[in-house]
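Each residue of the sequence shown is one higher than the last, beginning at 1 in the numbering used here. For reference, the structure is listed below as structure tokens.
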Amino acid sequence: MEIQEEEADDLLLTMEENLRQRHFGSVVRLELDANAPDHIRQFLATNLQIGAFDVYTTNAPLGLSSLWELHRLERPDLKDVQFQPRLPLSLRLESNIFKALSRQPLLLHHPYDSFAPVVDLLETAATDPDVLAIKQTLYRVGPNPPIVHALMKARENGKQVTVLVELKARFDEESNIEWARQLENAGVHVVYGLIGLKTHCKVSLIVRRERDGLHRYIHLGSGNYNTLTARLYTDIGFMAQHEDFGADATELFNYLTGYSKQSTYRKFLVAPVNLREHILQLIERELTHGSEGRIIIKCNSVVDPEMISALYRASQAGVQIDLIIRGICCLRPGLPGVSDNIRVISIVGRFLEHSRVYYFHNQGDPAMFVGSADLMPRNIDRRVEILFPIEQETMRQHILTNILDVYLRDTAKAYILQGDGAYIPRSTQVPEGEPLFNSQEWLLKNYAQINAD
1 MEIQEEEADD LLLTMEENLR QRHFGSVVRL ELDANAPDHI RQFLATNLQI GAFDVYTTNA
61 PLGLSSLWEL HRLERPDLKD VQFQPRLPLS LRLESNIFKA LSRQPLLLHH PYDSFAPVVD
121 LLETAATDPD VLAIKQTLYR VGPNPPIVHA LMKARENGKQ VTVLVELKAR FDEESNIEWA
181 RQLENAGVHV VYGLIGLKTH CKVSLIVRRE RDGLHRYIHL GSGNYNTLTA RLYTDIGFMA
241 QHEDFGADAT ELFNYLTGYS KQSTYRKFLV APVNLREHIL QLIERELTHG SEGRIIIKCN
301 SVVDPEMISA LYRASQAGVQ IDLIIRGICC LRPGLPGVSD NIRVISIVGR FLEHSRVYYF
361 HNQGDPAMFV GSADLMPRNI DRRVEILFPI EQETMRQHIL TNILDVYLRD TAKAYILQGD
421 GAYIPRSTQV PEGEPLFNSQ EWLLKNYAQI NAD
């Protein structure tokens, strides 16, 4: 949906009008069964006023949404076994989430870790008399979102609540407009972000009055504040009482609400401010280490030409590079003299791989970042994104050993990208008789025993 934001007096009303017009927009694609008769194809193309290049034929089933009817059948033997997400040990020992976070930060790996602590943080803040202010970004929240209800409850209880609702979240525009109106009606200060930029970062900031002064609690993550997809997508979240992260989050919200033009941050890498520059610097630093260099990147897509060129140069210098890319990857691995040292896999399993992790070994003094950004021009240049550093050695080691290395071992659901752009199942490279390793199933069975606190 194209919006001329500079010319829109009221972005909310403009979005509503464009949504109404979308129902009457021009057809951009017609999909037909490969066996559809020619006269049917011609009839539809003529009446829909589209050319031959806009007609696509497929042997796959059409209208996949109808498959939900099969899912509704009472056949548990045909479905995945239900699982219970893990509640971190620190929250089992301390029910007050503010006390728990003041003692130690918390790393969450969804859906293996429960999303409940994130909801609990906002719901507790809404009723805690010592909480003074809450600032929140919302991108996709789903139906009847408890996070939104907690924010409205907080405002009812007299707290200062600011929420950035991204109205331009694709296919969630209508839902986000509705929640934006409800938040406004509850007295929440609702903003829609910066002109020309889509706000995609995931941030909660809570300011709380305590005996020794004001403290800032934060939640940062790679995924949305959506309790439904939190059980279907893999994401990483970080919760803490953290003054540097809190200060950066404060500056970020000042930037998003138009109070400042922040160009420097203590810890955050923020797009479109400094994220591109810093990631390129980290790649170049590994390049200087040659064959001792090591890079692991897990994200949704690798498209950005400048980033791809930097990774090629690092590979040519001998840096060992592993990319775990769920979606589009324009980089071509294994090309002689270009990308010999780059390997690319995609994990396609029970859960949609959505987490983003950037790891740079740096000769044993590593840098690791987690957040919302993919290596795409739209993410780096046209969206507000955050990558935040994982500073605790135990957390870095946990992500490296119990997440990244586990994915890299996958032989059951991993697909290997070839130099010609084709993918082959990794299972075809496993010797006959050797068991396959399913990373997601392993995490489901073993994550409860892993001490990530």
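A virtual CB, placed ideally from N, CA and C, is assigned to each residue, including glycine. Treat the numbers as computed from the prediction; the structure is a model and nothing was measured.
Proximity winner among the options, relative to residue i (alpha-carbon distances)
| i | options | result |
| --- | --- | --- |
| residue 27 | 64, 46, 129 | 46 |
| residue 222 | 384, 320, 235 | 235 |
| residue 63 | 227, 31, 374 | 31 |
| residue 322 | 408, 116, 253 | 408 |
| residue 424 | 308, 432, 412 | 412 |
| residue 396 | 106, 96, 426, 320 | 106 |
| residue 229 | 168, 178, 110 | 110 |
| residue 268 | 202, 389, 295, 74 | 389 |
| residue 275 | 361, 232, 331, 371 | 371 |
| residue 508 | 358, 439, 318, 217 | Residue 508 lies beyond the stretch modelled for the chain, which goes from 1 to 453, so this question has no answer here. |
| residue 205 | 177, 387, 136, 301 | 136 |
| residue 163 | 157, 144, 202 | 202 |
| residue 319 | 366, 38, 339 | 339 |
| residue 285 | 366, 226, 232 | 366 |
| residue 336 | 98, 385, 420, 146 | 420 |
| residue 301 | 250, 427, 290, 327 | 327 |
| residue 354 | 291, 450, 231, 128 | 231 |
| residue 288 | 161, 95, 351, 314 | 314 |
| residue 188 | 82, 149, 70 | 149 |
| residue 29 | 36, 38, 57, 37 | 57 |
| residue 352 | 65, 158, 233 | 233 |
| residue 393 | 422, 361, 293 | 361 |
| residue 404 | 312, 430, 294 | 294 |
| residue 219 | 386, 449, 81, 37 | 386 |
| residue 133 | 139, 151, 145 | 151 |
| residue 55 | 66, 291, 81, 36 | 36 |
Burial state of residue i, where buried means 16 or more other Cβ atoms lie within 10 Å
| i | result |
| --- | --- |
| residue 279 | buried |
| residue 60 | exposed |
| residue 463 | Coverage of the chain is limited to positions 1 through 453, which leaves residue 463 absent and any answer about it impossible. |
| residue 179 | buried |
| residue 43 | exposed |
| residue 447 | buried |
| residue 439 | buried |
| residue 75 | exposed |
| residue 270 | buried |
| residue 379 | buried |
| residue 433 | exposed |
| residue 333 | buried |
| residue 251 | buried |
| residue 540 | Here the chain comprises residues numbered 1 to 453, so residue 540 is not present and cannot be evaluated. |
| residue 40 | exposed |
| residue 4 | Bear in mind that the predicted position of residue 4 carries a pLDDT of just 47, short of 50, making it too unreliable to give a figure here. |
| residue 96 | exposed |
| residue 79 | exposed |
| residue 173 | buried |
Same chain only: Cβ atoms within 6 Å of residue i, ignoring 5 sequence neighbours per side
| i | result |
| --- | --- |
| residue 153 | 126 |
| residue 310 | 280, 283 |
| residue 377 | 304 |
| residue 453 | Confidence at residue 453 is low in this model, with a pLDDT of 48, below 50, so the placement of that residue should be treated as unreliable; the coordinate-derived value is given next. Within the same chain, residue 453 has close Cβ partners 88, 89, 90. |
| residue 359 | 296, 368 |
| residue 9 | With a pLDDT of only 45 at residue 9, under 50, the local geometry of the prediction cannot be trusted, and no value is derived from it. |
| residue 331 | 302, 308 |
| residue 364 | none |
| residue 124 | 97 |
| residue 83 | 444 |
| residue 155 | 161, 186, 187, 188 |
| residue 426 | 411, 414, 416 |
Spatial neighbours of residue i in its chain, beta-carbon cut-off 8 Å, leaving aside the 5 residues before and after
| i | result |
| --- | --- |
| residue 382 | 196, 197, 198, 272 |
| residue 49 | 26, 27 |
| residue 442 | 406 |
| residue 256 | 137, 164, 191, 193, 194, 199, 384 |
Nonlocal neighbours in the same chain, by C-beta distance under 7 Å from residue i, ignoring five residues either side
| i | result |
| --- | --- |
| residue 299 | 325, 356, 374, 375 |
| residue 254 | 260, 262 |
| residue 266 | 244, 247, 248 |
| residue 147 | 119, 122, 141, 225 |
| residue 102 | 241 |
Short CB-CB distance (under 9 Å) between residue i and chain C
| i | result |
| --- | --- |
| residue 101 | Protein chains in the displayed structure number just one, and chain C is not present. |
Contiguous beta strand (DSSP E) assignments of at least 3 residues, all confined to the stretch 181 to 243: Unbroken beta strand (DSSP E) stretches of 3 residues or longer found wholly inside the stretch 181 to 243: 189 to 191, 202 to 210, 213 to 221, 233 to 241, given in chain order.
Decide if the stretch 205 to 225 is in contact with the stretch 174 to 188; the criterion is three or more beta carbon pairs, one per stretch, under 8 Å apart. no
Counting pairs of beta carbons, one from the stretch 112 to 120 and one from the stretch 396 to 404, are three or more of them closer than 8 Å? no
Completely contained beta strand (DSSP E) runs for the stretch 323 to 370, where each covers 3 or more residues: The stretch 323 to 370 contains these whole beta strand (DSSP E) runs: 342 to 347, 357 to 360.
Does the stretch 345 to 353 come close enough to the stretch 414 to 434 that 3 or more CB-CB pairs lie under 8 Å? yes
So within the stretch 246 to 294, which uninterrupted beta strand (DSSP E) runs reach at least 3 residues, ignoring any that extend past its ends? 269 to 271
Counting only runs of 4+ residues fully inside the stretch 96 to 156, write out the alpha helix (DSSP H) ranges in chain order. 97 to 103, 116 to 127, 146 to 156
Whole beta strand (DSSP E) runs in the stretch 50 to 86 with 3 or more residues, listed along the chain? 55 to 58
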